[in-house]
Every structure is written in C-alpha cells, then in structure tokens.
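Undergrad:
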Amino acid sequence: VALFNILKKFDGETVTEVVRPHIARMKYRVTRLPKYMILHMRRFTKNNFFVEKNPTLVNFPVKNLELKDYIPLPTPKGNQKLHSKYDLIANIVHDGKPGEGSYRAFVQRKSEELWYEMQDLHVSETLPHLVALSEAYMQIYEQQQ
1 VALFNILKKF
11 DGETVTEVVR
21 PHIARMKYRV
31 TRLPKYMILH
41 MRRFTKNNFF
51 VEKNPTLVNF
61 PVKNLELKDY
71 IPLPTPKGNQ
81 KLHSKYDLIA
91 NIVHDGKPGE
101 GSYRAFVQRK
111 SEELWYEMQD
121 LHVSETLPHL
131 VALSEAYMQI
141 YEQQQ
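Those letters in the sequence shown? Residues 1 to 145, by UniProt numbering.
The structure is reproduced here in structure tokens:
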C-alpha cells in the first residue's frame, strides 16, 4: 500500500466511519503543518475473540515526503513560506505475533546522515533502503526548513 493511500484520509473529503461509542462518519483535514509529524499505522485490530495483526507493507519515502502532492494544505499567511516536505527520522516496527513479538526502531543520526537499528540494548548501523522495507508501525517525520 502506498503511503498516499493512508494520507488520503486527511484530504477533507474522504469519509471514514468510526465507532466511538456510536457509529459516526468523519472527515479529516490538515489545518497546519507541524515541525514533527507522527504517523501511526493501525496494525492491530481486536474483536471479542482475538487480536489480529495486519502485515501489509506500506511504501513510504525516507526523504522528501511532499505532502502537497497528497492532500490539500492550508494557505500560508502573509509572506510565510509553506514548508510541506518532510524527512523520515524514525521508524518503529513490530516483529512477530500480536501480544508477543518485539519492537525495533530505526533512527537517523542527522549529523552524519546515518541510520541505526535498535532493539533492546543492541544498536547497529543499517542502510536507508532497509528502513523502507519494514512493516512500519509508527513513523516520525521532520519538516524540512
């Protein structure tokens, strides 16, 4: 699944059904761009009997995520510039079954443009393309200035 399919939810037009505590139809839109954007991929669903994990891979850019290509953005005020490009700085992955498994974090060291994989106390350098090949659970993007 491409990341833009997930971001489409925030275009202000797509209707999403939610159950909290009643069924409702919601529309979401971005009203301002944050310095840091945290994306959570809903990997786990729970019903009365068990918890399921959705293993779908989400294709996402590590560099230059351009939000204006996917969703309508707010108009900048006055002479402000719209900074709508983001770079991934962290990617958290869940490995294994629901209720078991473990988490890994891929984190970028910006001063050297290097990526590291962390699991518990184990830290090792990794390649940027390996970050994008994982089952993302949570991502942190930083706005380009």
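Beta carbons are placed, not taken as given, at the ideal position from N, Cα and C, and that holds for glycine.
Would you mind giving the Cβ-Cβ distance between E142 and K35, rounded to the nearest angstrom? I have them listed as a contact below 8 Å.
TA: 7 Å
Undergrad: Where DSSP assigns a beta bridge to K29, which residues make up the other side?
TA: The question names Lys, but residue 29 is Arg in the sequence shown. Its beta-bridge partners are D11.
Undergrad: Could you check if N91 is buried or exposed, using at least 16 other CB atoms within 10 Å of its CB as the buried criterion?
TA: buried
Undergrad: Where does F4 fall in DSSP's three states?
TA: DSSP, reduced to helix, strand and coil, places F4 within a helical segment of the structure shown.
Undergrad: For D120, does the three-state DSSP call read helix, strand or coil?
TA: coil
Undergrad: State yes or no: is the C-beta of N64 within less than 9 Å of the C-beta of Y86?
TA: It is a contact, given that the beta carbons lie within the stated cut-off.
Undergrad: Measuring straight from C-alpha to C-alpha, what distance separates E13 and E66?
TA: 19 Å
Undergrad: What residue ranges within the region 59 to 102 form continuous beta strand (DSSP E) runs of no fewer than 3 residues, ordered along the chain?
TA: 85 to 95
Undergrad: Quick one: what does DSSP say L39 is sitting in, helix, strand or coil?
TA: strand
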